[in-house]
Structures are given as C-alpha cells and as structure tokens.
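Asks: Sequence lines, in order, name chains A and B.
Numbering of the first sequence is given in our numbering, commencing with residue 1 and proceeding in unit increments.
Numbering of the second sequence is given in our numbering, commencing with residue 1 and proceeding in unit increments.
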Amino acid sequence: MLFHIGTFHLDVDSQRQSPWHCLNPASRIVCAVLLAFATALTPHGRWLTWAIYAVALTIALLISRVTLTTLLRRVSVEFLFVGVVLLGTLFHPEGEVLWQWGWLRVTTHGLAVLGSVMLKALLSLLVLNLLVMTTAIPALLNGLLALRVPPLLVAILAAMSRYISVLVEESNAMRRAAAARNLFMGDRQTRLVTGNIIGSLFIRTVDRGERIHRAMLSRGYAGLPRPVEQLTYRRCDFVAVTLTGLVTLLGQAIYLF
Amino acid sequence: MLNFFATPLFALGLYDGFPFVLGMHIPDGFLSLPVSLLTWVASIVLIVLALGQVKGEYQERTVPLMGVCAAFIFAAQMINFPIPGGTSGHLLGGTLAGVLLGPWAGSLVMAVVFIVQAVLFQDGGLTVLGANIFNMGLVGTFGGYYLYRVVRSAVGFNRWRGMAAGVVVAAWSSVVVAAILVAVQLALSGTIPLNVALPAMVFWHVVIGIGEALITLIAIHFIWRTRPDLLFDPPNRRSAVSARSSVLQR
Chain A
1 MLFHIGTFHL
11 DVDSQRQSPW
21 HCLNPASRIV
31 CAVLLAFATA
41 LTPHGRWLTW
51 AIYAVALTIA
61 LLISRVTLTT
71 LLRRVSVEFL
81 FVGVVLLGTL
91 FHPEGEVLWQ
101 WGWLRVTTHG
111 LAVLGSVMLK
121 ALLSLLVLNL
131 LVMTTAIPAL
141 LNGLLALRVP
151 PLLVAILAAM
161 SRYISVLVEE
171 SNAMRRAAAA
181 RNLFMGDRQT
191 RLVTGNIIGS
201 LFIRTVDRGE
211 RIHRAMLSRG
221 YAGLPRPVEQ
231 LTYRRCDFVA
241 VTLTGLVTLL
251 GQAIYLF
Chain B
1 MLNFFATPLF
11 ALGLYDGFPF
21 VLGMHIPDGF
31 LSLPVSLLTW
41 VASIVLIVLA
51 LGQVKGEYQE
61 RTVPLMGVCA
71 AFIFAAQMIN
81 FPIPGGTSGH
91 LLGGTLAGVL
101 LGPWAGSLVM
111 AVVFIVQAVL
121 FQDGGLTVLG
131 ANIFNMGLVG
141 TFGGYYLYRV
151 VRSAVGFNRW
161 RGMAAGVVVA
171 AWSSVVVAAI
181 LVAVQLALSG
191 TIPLNVALPA
201 MVFWHVVIGI
211 GEALITLIAI
221 HFIWRTRPDL
231 LFDPPNRRSA
241 VSARSSVLQR
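(1) Rounded to a whole number of angstroms, what is the C-alpha to C-alpha distance between H109 (chain A) and P43 (chain A)?
(2) Going by CA-CA distance only, name the one from B:V175, B:G190, B:V48 that's closest to H25 (chain B).
(3) Please state the DSSP three-state secondary structure of V247 (chain A).
(4) Going by CA-CA distance only, name the one from B:G140, B:S32, B:I79 that's closest to T190 (chain A).
(5) Any beta-carbon of chain A closer than 9 angstroms to the one on M78 (chain B)?
(6) State yes or no: is the C-beta of L65 (chain B) within less than 9 angstroms of the C-beta of I220 (chain B)?
(7) According to DSSP, is G93 (chain B) helix, strand or coil?
(8) Restricting to runs no shorter than 4 residues, where is the alpha helix (DSSP H) found entirely within the region 114 to 201 of chain B?
(9) At what residue ranges does the region 79 to 139 of chain A contain a whole run of the alpha helix (DSSP H), taking only runs of 4 or more?
(10) Cβ of T272 (chain B) less than 9 angstroms from any chain A Cβ?
(11) DSSP puts S88 (chain B) in a beta bridge; with which residues?
(12) Is A42 (chain B) close to chain A, meaning its C-beta is less than 9 angstroms from at least one C-beta of that chain?
(13) Give the straight-line distance between the Cα atoms of L192 (chain A) and F121 (chain B), rounded to the nearest whole angstrom.
(14) Would you kindly work out how many angstroms separate the C-alpha atoms of G102 (chain B) and G199 (chain A), rounded to a whole number?
(15) Of the choices A:I164, A:A177, A:A178, A:P19, whose alpha-carbon is the least far from that of Q77 (chain B)?
(16) Check whether the Cβ atoms of W224 (chain B) and L231 (chain B) lie closer than 9 angstroms to each other.
(17) Take Y221 (chain A) as the anchor and find which of B:P199, B:Q59, B:S32, B:W104 has the nearest alpha-carbon.
(18) Could you check which residue in A:R208, A:S76, A:S171 has the C-alpha nearest to that of G129 (chain A)?
(19) Evaluate the contact criterion for the region 25 to 35 of chain B versus the region 107 to 124 of chain B: three or more CB pairs, one atom per stretch, below 8 angstroms.
(20) Compare the C-alpha of V169 (chain B) against each of B:I83, B:A111, B:I210, B:T87 and name the closest.
(21) Quick one: what does DSSP say R162 (chain A) is sitting in, helix, strand or coil?
(22) Once you ignore the five residues that flank V206 (chain B) on each side, which residues in its own chain have a CB closer than 7 angstroms to its CB?
(23) If we count the other Cβ atoms within 10 Å of its Cβ and call it buried at 16 or more, is W47 (chain A) buried or exposed?
(24) Between the region 137 to 153 of chain B and the region 38 to 53 of chain B, do at least 3 Cβ pairs fall closer than 8 angstroms?
(25) Do we get a CB-CB distance below 9 angstroms when we pair R234 (chain A) with the residues of chain B?
(26) Using a Cβ-Cβ cut-off of less than 7 angstroms, list which residues of the region 85 to 114 of chain A approach chain B; keep chain order.
(27) Have a look at M174 (chain A) and G98 (chain B) and give me their C-alpha separation to the nearest angstrom.
(28) Considering M216 (chain A), what are the terminal residues of the alpha helix (DSSP H) in which it resides?
(29) With a Cβ-Cβ cutoff of 9 angstroms, do M160 (chain A) and A71 (chain B) count as a contact?
(30) Could you tell me the distance, in whole angstroms, from the CA atom of N236 (chain B) to the CA atom of A154 (chain B)?
(31) Counting contacts by CB-CB distance shorter than 9 angstroms, is R61 (chain B) in contact with chain A?
(32) Drop a sphere of 10 angstroms on the beta-carbon of F203 (chain B), count the other beta-carbons inside from all chains shown, and report buried for 16 or more, exposed for fewer.
(33) Distance, Cα to Cα, D11 (chain A) vs V119 (chain B)?
(34) Please classify I156 (chain A): does DSSP put it in a helix, a strand, or coil?
(35) For I192 (chain B), collect the residues of the same chain with a Cβ closer than 7 angstroms to its Cβ; drop the 5 residues on either side in sequence, then sort them by chain order.
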C-alpha cells in the first residue's frame, strides 16, 4: 500500500488549503507534540482533561480537512496493535471487585486504567496522524531543523527516509529470488536463507553507502548539511501555538475550578 | 497476550506474510510522566554523545553511511521468519547493528530507526520514544555490544566459535532484557501490574530471543565468510587482511 512505487506517500492531504495548512511545519510540530505529550502523560482517570483535548482535536481535524476515511483506516489499523496489550491493564489487585473467576478478577481500578490508556493511545494516534498526513517529509525535517534539532541528526533522518524504500525493495527482490528458486523449504532452511539475505543486504548497503558518498562528493558535498531554509512565521502560527498551549493548560487546570 | 506490541507496518500491507510480529515498541499512553521523562533524558544523552562520537569517526561520510544503515535495519526488521516452536517473528536488530557498526554508530542507527518508526509510521509512541530508544538502543545495542565483546574475547576473539558465542549470547539477552525492562516500566507507570506483565513478556521473549539469536548468527556468519573486513571488530586472520578498501573498517 505504501511502498509499491519506489517511495512511500504518507502525506495524502498536504496540498489542501485550510487554516491548519497555513501553519509552517515548525508550528505544526510544536502543536502536535504539545497535545500528544499533554494527552499521553496525564495520569490515569483524568477524564475531563481528555474530553477537552478530544474536543480541541476534533475541531483541529475538521478545520484541517484531512481525508477522514484514510485517517480512520490508519488509526484503526494502528489501534488494533495497541489493543492486544490493553488486555493486560485490566487485571489490577486494587479497587472494588466487579467480576471474579478464580484468581482472575476485574476491578474498578483495572477498568479505569484500561479506559484511560485506551483513550490516551487513541488521541495520540489521531494527533500524530494529523501531522503526518498533512505535512510532507521534507517539510517535517525542515521544521525539525527550525526547532534546533541537531542538523547532523536531521541529515541522517533525511538520508534514511530517502533510502528506506530502496532497501525494502532490495530485500523484497532478494526474497523473491529465493522464493522463485524454492529455497524457503522448511523452517530451518527458511531461517538460513533469511539470515543470509540479511547479511548480504548489509554488504550491499555498505557498498551503496560508499557509492552515495562518492556521488555526494562529486556534487560538492563537504560534510555539512544544507543550511536551514528560513521559515516564515505569520500571525496564524502564533495564534495556533498559543491556542494549543492554552488548551493543554486548560485541560490540566480544569480540576482547580 | 501474545505478541505484546506488534508492528502496525505489517498491517498496512507492507509485508505479504501473516502479521505475527514480535516487537517491543511501547505505544503512547502506557507510560507515566516520571518514567517517560527519565528514559527521554537517558536517550537524549545517548543520541548527543553518539552523534559526537560517530562524527569524529566517520567525518563527512557520517550522513550517507548512517542513513543507509538505518534504512538497512528498517528493511531487515520487516523480514518475517519462523521461530523454533511454531510461531514467527522478525528481527529487532539491536545486536546486529552493534556487532556490525560498533556501539556508538549502532545505537545511533537504532535511535534513528525508532524515531522514524514513531513519527512517520506511529509504530511506538512519540512520548515513549525515549523509553523505546532506552530499551532497545541503549541497553540492546550499546549494552549488547559490550556483552558480545566480553563473551567473544573469553571464548576466542579471532575464531568463529568465539564470534558465534558472543553474537548468540548478546542477541538473546538483548531481547529478554528489553522485555524485562518494558514490563518493569509498565509496572512502574501503574499501567500493568508486574505479576501480569513480567511473566507474559519474559515467557514470550525467551522464545522470540532464540529467533533473534539464530538470524543474527546466520547473518553475521554470512558476512564473516564473505566480507569479514566489514565487521566492526574484524578477526585478525590472514584471509581478513585484504587489500579491498572498506568504508566501515576503522
């Protein structure tokens, strides 16, 4: 779905026009990170906080005009994997016993933790998907640079994101070749061939790294990442970041009233 | 409670096998503020130190080499294989990265892989990225490398037997120790009690660790036979001293 044409395309909604899209990548990252951290790090059982964040997030999703079907499909797939571990949160010794069978018992506390974790995971997934679906990878990297992430780290992230699909395709080609020669016969044989493919993939990777390095040198690369492309900060950037900050504070402070 | 944290990538249709995945990528919302904060601090220190070390060692080759090596680990993690005992899993790659690239470059590459997985693919949460880097990068790769060095030196540094022992011990332990750490972090956060999380995680990852150890061993054996000069600590044999220029050789 993502890797079939040489590169992957996560930012299906990056070309739209909306108040969210008028923000520069750095402000989008700040907003998303603020909301995700505030959501995920709130202690269990603070339902009101998440209600406020959920309302804010719904508004953000609606004004950003992301494709809701794509968003829901991605989130439900990702959430499926969170769901498996959620079961474990149910069995806590504390709290009032609601249901008991042998040593297995479900308590009010366990139920509260289950609900809290589920909500937190769901909201965080929605926030991150909003960011990734509306912002292209080069813009994200540029935003990270503007936020003073070490340029070397950003340059490595950029190089990696460019070569993921190349190397995935290379490993798929090797596995296809092995399958075509009927090499995946039995578990032992399959492991042996898989291990050899990974070893051989590493050798090819290093050779490719050398080639890329020489190509970069021939284009005048001197070991320094490109200078930061200056981002423009408009009024909507300040408004959005301030609003997000206020909402996160409101969510935490609501219990004082 | 099989497969504690599985990989969403598989379900997105990136791999044609069935989605039975190991994986210890903790999702968002499972760890409390203190646990997240502490592991974030440890991970940021690791990344900053590793960036400095790697830049000193590889100079202007850092960006292309670390970039493709991170993509390599990402691709290797997507390959599914059968584990003895009837299930199937994929490589975590921490020890593989450590043995091939050394402790600093290895853990930097693993950290980069986790960042990309968390941000772009929501595989592992953003707020718990610190914990994921701590468990699998710092402990699995950095710690795993030194465990491998000790075992390899004890059995025989320049012989395949020593190499094999080091790789197997380090790969298996890195998976099991990471599983224990995840269980402890979940318990400390008050998310899953230790008496539920620890047995489930450890029981499962003792088996998964065998798969990790076997595949890492076979991959390293392939490189040992064909291009031993690419290993971070190449064996000091006559055959290994070749005139081939190697990027990763120190």
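Idealized CB from N, CA, C, for every residue including glycine.
Just so we're clear, the structure is a prediction, and the values are computed from it rather than from any experiment.
Replies: So, from the listed chains and residues:
(1) Sequence index remark: in the first sequence, residue 109 (chain A) carries index 109 (1-based). Sequence index remark: in the first sequence, residue 43 (chain A) carries index 43 (1-based). Separation of H109 (chain A) and P43 (chain A) (C-alpha to C-alpha, rounded to the nearest whole angstrom) is 13 angstroms.
(2) As a first step, residue 25 (chain B) is located in the second sequence; it is residue number 25 there, counting from the start. Among B:V175, B:G190, B:V48, the Cα nearest to that of H25 (chain B) belongs to B:V175.
(3) By one-based count along the first sequence, residue 247 (chain A) stands at place 247. Three-state result, V247 (chain A): helix.
(4) If you number the first sequence from 1, residue 190 (chain A) lands on position 190. Of B:G140, B:S32, B:I79, the residue nearest in Cα terms is B:I79.
(5) Counted from its first residue, the second sequence places residue 78 (chain B) at position 78. Answer yes: the Cβ-Cβ gap between M78 (chain B) and chain A drops below 9 angstroms somewhere.
(6) Translated into the one-based positions of the second sequence, residue 65 (chain B) becomes position 65. Translated into the one-based positions of the second sequence, residue 220 (chain B) becomes position 220. The beta carbons of L65 (chain B) and I220 (chain B) sit no closer together than 9 angstroms.
(7) As a working mapping, residue 93 (chain B) is identified with position 93 in the second sequence. Here G93 (chain B) sits in coil by DSSP.
(8) 129 to 132, 144 to 155, 160 to 188
(9) 108 to 134
(10) Only positions 1 to 250 of chain B appear in the structure, and residue 272 (chain B) is not among them; the question remains open.
(11) Locating residue 88 (chain B) in the second sequence gives position 88, counting from the first residue. Answer is B:P82.
(12) Residue mapping note: residue 42 (chain B) aligns to position 42 of the second sequence, counting from 1. For A42 (chain B), the answer is no, since every Cβ of chain A falls outside 9 angstroms of its Cβ.
(13) The sequence position of residue 192 (chain A) within the first sequence is 192, counting from 1. The sequence position of residue 121 (chain B) within the second sequence is 121, counting from 1. Those two C-alpha atoms are separated by around 29 angstroms.
(14) Taking the first residue of the second sequence as position 1, residue 102 (chain B) is located at position 102. Taking the first residue of the first sequence as position 1, residue 199 (chain A) is located at position 199. Those two C-alpha atoms are separated by around 16 angstroms.
(15) Taking the second sequence and counting its residues from 1, one reaches residue 77 (chain B) at position 77. Per the Cα distances, A:I164.
(16) One-based indexing of the second sequence puts residue 224 (chain B) at position 224. One-based indexing of the second sequence puts residue 231 (chain B) at position 231. In contact: W224 (chain B) and L231 (chain B) (Cβ atoms closer than 9 angstroms).
(17) Numbered from 1 along the first sequence, position 221 holds the residue referred to as residue 221 (chain A). Comparing Cα positions, the closest option is B:Q59.
(18) Here residue 129 (chain A) refers to the residue found at position 129 when the first sequence is read from its first residue. According to the sequence shown, residue 129 (chain A) is Asn rather than Gly. With distances taken between Cα atoms, N129 (chain A) lies closest to A:S76.
(19) yes
(20) Position 169 of the second sequence, counted from the first residue, corresponds to residue 169 (chain B). In this structure, B:I210 is the residue among B:I83, B:A111, B:I210, B:T87 with its C-alpha nearest to the C-alpha of V169 (chain B).
(21) If you number the first sequence from 1, residue 162 (chain A) lands on position 162. Residue state, collapsed to three classes: helix.
(22) Position 206 of the second sequence, counting from 1, holds the residue named residue 206 (chain B). For V206 (chain B), where only same-chain residues beyond five positions count, the Cβ hits under 7 angstroms are V176.
(23) Along the first sequence, one-based indexing puts residue 47 (chain A) at 47. Exposed, by the Cβ-count rule.
(24) yes
(25) Here residue 234 (chain A) is taken as the residue at index 234 of the first sequence, counted from 1. No - not a single Cβ of chain B is within 9 angstroms of the one on R234 (chain A).
(26) Those residues of the region 85 to 114 of chain A that come within reach of chain B (Cβ to Cβ, closer than 7 angstroms) are V85, L87, G88, T89, F91, H92, P93, V113.
(27) Counted from its first residue, the first sequence places residue 174 (chain A) at position 174. Counted from its first residue, the second sequence places residue 98 (chain B) at position 98. Using only the alpha carbons, I get a separation of about 24 angstroms.
(28) The sequence position of residue 216 (chain A) within the first sequence is 216, counting from 1. Note, M216 (chain A): alpha helix (DSSP H), 186 to 218.
(29) Along the first sequence, read from residue 1 onward, the residue named residue 160 (chain A) stands at position 160. Along the second sequence, read from residue 1 onward, the residue named residue 71 (chain B) stands at position 71. Contact: yes.
(30) Against the second sequence, residue 236 (chain B) aligns to sequence position 236. Against the second sequence, residue 154 (chain B) aligns to sequence position 154. Answer to the nearest angstrom: the Cα atoms are 16 angstroms apart.
(31) Numbered from 1 along the second sequence, position 61 holds the residue referred to as residue 61 (chain B). Residue-level contact check: R61 (chain B) touches chain A, since one or more beta carbons of chain A fall below 9 angstroms from its beta carbon.
(32) For the purposes of this step, residue 203 (chain B) is taken as the residue at position 203 of the second sequence. Its Cβ having fewer than 16 others within 10 Å, F203 (chain B) is exposed.
(33) Taking the first residue of the first sequence as 1, we reach residue 11 (chain A) at position 11. Taking the first residue of the second sequence as 1, we reach residue 119 (chain B) at position 119. Rounded to the nearest angstrom, the two C-alpha atoms are 12 angstroms apart.
(34) Position 156 of the first sequence holds residue 156 (chain A). Helix, per DSSP.
(35) Taking the second sequence and counting its residues from 1, one reaches residue 192 (chain B) at position 192. The answer, listed in chain order, is L186.
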